[in-house]
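Counted the way our numbering counts, the sequence shown spans residues 16 to 313. Backbone N, C-alpha and C define an ideal beta-carbon position, used for all residues, glycine too. Predicted model, so just to flag it, every value in this text is computed and none were measured. Encoded as structure tokens, the structure appears first; notes follow it.
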Amino acid sequence: MTGAPLDVADEALLAALSQDGRASLETLARVTGLHRSTVRARTARLLTEVVDVLGIVHPTVFGLDAYALLLVEPAGPALATAQALAARAEVPFVSVVSGAVGVVAEVRAADQRGVAAVVADLAALPAVAGIETCSYVDILTDAAVPPRPAGPVAVDAIDRSLLARLQVDGRLSFAALAEAVGLSVGATRMRVLRLREEGVLHIGVRLRPAAVGVLQAGAALTVRGDLPAVLDAIGRRPRVTYLASALGRWSVICTVRADSPAGLADELDALRQVPGVSGLRSWTHLRLVKERYQDGAG
């Protein structure tokens, strides 16, 4: 942990930056009601120590329409297993966890056949003792995934170049972007605005949990009754950072955050009490090995 824990003002700024990671200090001050000098100082700290501002692109833009959660039993040290999984480009997320398994990961592919092929390859790795798979139906909340675009979208080579750069630094200036792609600043601004308006690109933030002592736990939930109502209730919880509907043994996959083990237990208990939730399996993230969603724009 490199700084003070997040307080109410920090949380307000994080919420505003999650909506628009390129927001100006004036906009952040207006949205949060904080004094501009406070916004300047706190935003500088957040951007330096706590979050990365990234351009976020829904995977369907690059033809990746199938996703799955993998609960992986290591055949040996969990870190070695996680590193073996992380070597695959189709695996954008890998974490060493505590709980019933040692590693969780995510797979993305063009279709379910592609997911199945990747899972089969991973299951054959010497470092893997077993894999339990849960297919996502829809990703509803995630700093790394914006809402699915409303309709078909077309991106050309220049768009892809802009997306690739913004996925590394979401606050990169229009002048720097223009120089990189060989367009005028005005033309570059218009392209970025179009990509955002069409739902191709969202500029958000990704928390660096270790920087502020944040703990995260994943949960897989079984549901009896009204699934949309359950998803809505969970999605309204401010400390739910990831939420997806799923197909198979579990109907809901989510991630919650807290600043202490007791707080994490409280968040998980709150999920258990959501009407319609009939069961919960959880794991605590211990070591993030890979979190890279940029490869589709290359």
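(request) Could you tell me whether the segment 290–300 touches the segment 114–124, where touching means 3 or more Cβ pairs closer than 8 Å? (result) Segments in contact, yes.
(message) Rounded to the nearest angstrom, what separates M16 and L61 at their Cα positions?
(response) In the sequence shown, counting from the first residue as 1, residue 16 sits at position 1. In the sequence shown, counting from the first residue as 1, residue 61 sits at position 46. Because M16 sits at a pLDDT of 41, beneath the cut-off of 50, its placement in the model cannot be relied upon, and the following sentence gives the value as read from the coordinates. Taking the straight line joining both Cα atoms gives about 13 Å.
(request) Would you check if the distance between the CB atom of L279 and the CB atom of L155 is smaller than 8 Å? (result) The sequence position of residue 279 within the sequence shown is 264, counting from 1. The sequence position of residue 155 within the sequence shown is 140, counting from 1. Their beta carbons are not under 8 Å apart, which means L279 does not touch L155 by this criterion.
(message) Please identify the residue among G214, A273, V245, V65 whose C-alpha is closest to the C-alpha of H73.
(response) In the sequence shown, the residue the question calls residue 73 occupies position 58. Ranking the options by Cα distance to H73, first place goes to G214.
(message) Tell me whether the segment 82–89 and the segment 115–129 touch, counting them as touching only if at least three CB pairs, one residue from each stretch, are closer than 8 Å.
(response) Yes, the segment 82–89 is in contact with the segment 115–129.
(message) Just to confirm, is the Cβ distance from S33 to G250 under 8 Å?
(response) Counting from 1 along the sequence shown, the entry for residue 33 is found at position 18. Counting from 1 along the sequence shown, the entry for residue 250 is found at position 235. For S33 and G250, no; Cβs fall outside 8 Å.
(message) Looking at the secondary structure, which residues open and close the alpha helix (DSSP H) in which G145 lies?
(response) Here residue 145 refers to the residue found at position 130 when the sequence shown is read from its first residue. If you look at G145, you'll find it isn't in any alpha helix (DSSP H); it sits in the beta strand (DSSP E) that goes 143–157.
(request) List the residues that DSSP assigns as beta-bridge partners of H217. (result) Here residue 217 is taken as the residue at index 202 of the sequence shown, counted from 1. H217 pairs with I71.
(message) Going by the DSSP bridge assignment, what does L279 pair with across the sheet?
(response) As a first step, residue 279 must be located in the sequence shown, where it is residue number 264. Bridge partners of L279 according to DSSP: none are assigned.
(request) Can you tell me which of L236, I71, D157, Q182 puts its alpha carbon nearest to the alpha carbon of V267? (result) Reading the sequence shown from its first residue, position 252 is the one you call residue 267. Considering only alpha carbons, the answer is L236.
(message) For Q288, count the other beta carbons within 10 Å of its own beta carbon; 16 or more makes it buried, fewer makes it exposed. Which is it?
(response) Along the sequence shown, one-based indexing puts residue 288 at 273. Counting of Cβ neighbours within 10 angstroms places Q288 among the exposed residues, the total staying below 16.
(request) Rounded to whole angstroms, what's the CA-CA distance from A273 to D136? Just pull it up for me. (result) Residue 273 sits at position 258 when you count from the first residue of the sequence shown. Residue 136 sits at position 121 when you count from the first residue of the sequence shown. Cα to Cα, A273 sits roughly 35 Å from D136.
(request) Could you round the C-beta distance between A320 and R252 to whole angstroms and report it? I think they count as a contact, below 8 Å. (result) Residue 320 is absent from the structure shown; the chain starts at 16 and stops at 313.
(message) Using the Cβ count rule (16 or more neighbours within 10 Å means buried), how would you classify A102?
(response) Here residue 102 corresponds to residue number 87 of the sequence shown, with the count starting at 1. So A102 ends up on the exposed side.
(message) I believe V183 touches A193 by the beta-carbon criterion, under 8 Å. Please report the beta-carbon distance rounded to the nearest angstrom.
(response) Here residue 183 is taken as the residue at index 168 of the sequence shown, counted from 1. Here residue 193 is taken as the residue at index 178 of the sequence shown, counted from 1. The C-beta distance from V183 to A193 rounds to 16 Å, too long to meet the 8 Å contact threshold.
(request) Note down, in chain order, each residue of its chain lying with its Cβ closer than 7 Å to the Cβ of G70, except the 5 sequence neighbours on either side. (result) Here residue 70 is taken as the residue at index 55 of the sequence shown, counted from 1. L178, L181, Q182, G185, L216, I218, listed in sequence order.
(message) List, from N- to C-terminal side, the beta strand (DSSP E) runs of 3 residues or more that fit wholly inside the segment 204–270.
(response) You should have 216–222, 230–238, 255–262.
(request) Report yes if the C-beta distance between R239 and S293 is below 8 Å; otherwise report no. (result) Here residue 239 is taken as the residue at index 224 of the sequence shown, counted from 1. Here residue 293 is taken as the residue at index 278 of the sequence shown, counted from 1. A distance below 8 Å separates the beta carbons of R239 and S293.
(request) Specify, as a first and last residue, the run of the beta strand (DSSP E) that E306 falls within. (result) The residue you call residue 306 lines up with position 291 of the sequence shown. That run of the beta strand (DSSP E) goes 292–306.
(request) Rank G48, D126, G36 by C-alpha distance to the C-alpha of A59 and give the top, closest one. (result) As a position in the sequence shown, residue 59 is number 44, starting the count at 1. Nearest to A59 by C-alpha distance, out of G48, D126, G36, is G36.
(request) Just mark P290 as buried or exposed, buried being the case when its beta carbon has 16 or more other beta carbons within 10 Å. (result) Numbered from its first residue, the sequence shown carries residue 290 at position 275. Result: exposed.
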